[in-house]
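Numbering-wise (the working numbering), the sequence shown opens with residue 23 and increments by one. Glycine is no exception: its CB is placed at the ideal position from the N, C-alpha and C atoms. Note that the structure is a prediction, hence the values are computed from the model and not measured.
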Amino acid sequence: MLEKKITVNNTTGIHARPATKLTTTASKFQSEVQIEYAGRVVNVKSIMGVMSLGVPGGAEVIVRVTGVDEEETLVEMLKLFEDNFGE
């Protein structure tokens, strides 16, 4: 299991577009991907789960990856956050 704490730098937080990008990217990998925010943990492959977190801009989340391709998966997930989800 790998995990990384990261700040959501996108000023609008994780709304529909970023949630879609997170879900689409996570679904490309075999590993299980979770995001933890405010004590809640959701499966990133579930767009409804990601949206239900209501993560605002500036918030810190923990991205947790478990599985055979966890290193590659974590790198790709973190790229989305670092690139502000392409927005």
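Item: Buried or exposed (CB count within 10 angstroms, at least 16 for buried), I84; Value: exposed
Item: Minimum C-alpha distance to E58 - residue among T95, V77, G89; Value: V77
Item: Straight-line Cα distance separating Q56 from T88; Value: 9 Å
Item: Pairwise C-alpha distance: K50 and D91; Value: 10 Å
Item: E54 - partner residues in DSSP beta bridges; Value: T88
Item: Residues near E25 by beta carbon distance below 6 Å, same chain, minus five either side; Value: I84, R86
Item: For T42, three-class secondary structure by DSSP; Value: helix
Item: Limits of the alpha helix (DSSP H) - the one that I69 falls within; Value: 69-75
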